[in-house]
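Note sheet for the following structure.
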Amino acid sequence: MTDLDLAAETARHDDPDGRGRPALDLLIWDAPNIDMTLSTVIGARPTAETRPRFDAIAAWFVQGAGGVGPGGGAAPDAPEVEACVFANIPPVVGSLQRWVEALRSFGYAVFARPKQQPDDDIDQAMLDHIDVRRHSHRLRRLVVFSGDGRNFAEPLEALARLGTQVTVVAFSEVAGYAISSELLEFIDIEDVPGAFAVPLDRVRLDALPADGAWLRPTRSLRDFVTSYVRRNG
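Position 61 (the sequence shown) corresponds to 60 in numbering that gives the first Met the number 0; numbering is contiguous.
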């Protein structure tokens, strides 16, 4: 049993209704899912310019929890804040070491697990941490950056029913579970102020101009037909 587990177990028995626990706003970042869906919506491998800016996202999250007071500390009556990034680490680390250290310098905790098999995932680790925090604190607000409805829809809606304000932040193209939910708030990640250094090259059907828009092909017609003929003979 870890220290977090022990704290949660103690809180569960000593304060079952949560009134004596400190209020907490918690951010959970599903790095594998956000990376994959970013590549999907822009149709290319992300670059430094098209990757999310974690410093701006941290500022947005803390402001949503009450911001900072005149002296730079927490505003009066503001809840505690915690932001956690969950990442699978491949055998060849590359630049991920610098990325992890940058996250930590911005105030994020990082849960890093080795990716040993192609289907290795960290969804359960995220759900476990949410559950630990639900028992060690009074979970006031939960912000989940993930488009993974298969694993998150049911537990997040259950938390919302218990009174936690639950917000899903992801790309609208792949977050139907949150957009259609009557219990979850949804924010497109590109609508978080400063989340990206430049506008992403993507098609947002939820933000079309009134006069309509031409959506250019992401692949030339001739290239597609060439590959089609090769596949089908």
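By construction, the Cβ of each residue, glycine as well, lies at the ideal position given by its N, Cα and C atoms.
| Beta carbon of Gly146 nearer than 8 Å to that of Thr36 | yes
| Beta carbon of Leu25, beta carbon of Arg160: below 8 Å? | no
| said: Alpha carbons only, please: which of Val224, Arg201, Arg229 and Phe195 is nearest the one belonging to Ala57? | reply: Phe195
| query | What did DSSP end up calling Phe144 once you bin it into helix, strand or coil? | reply | strand
| request: Check whether the Cβ atoms of Ala77 and Ala86 sit closer than 8 Å, and answer yes or no. | output: no
| request: For Val40, I'd like the list of residues in its chain whose CB is within less than 6 Å of its CB, leaving aside the five on either flank, ordered along the chain. | output: Phe170, Glu172 and Arg201
| query | Helix or strand or just coil, what does DSSP make of Leu138? | reply | strand
| query | Which value, in whole angstroms, describes the spacing of the CA atoms of Val84 and Ala212? | reply | 36 Å
| message | For Lys114, which residues in the same chain have their Cβ closer than 7 Å to its Cβ, ignoring the five residues on either side in sequence? | response | Asn87, Ile88 and Pro89
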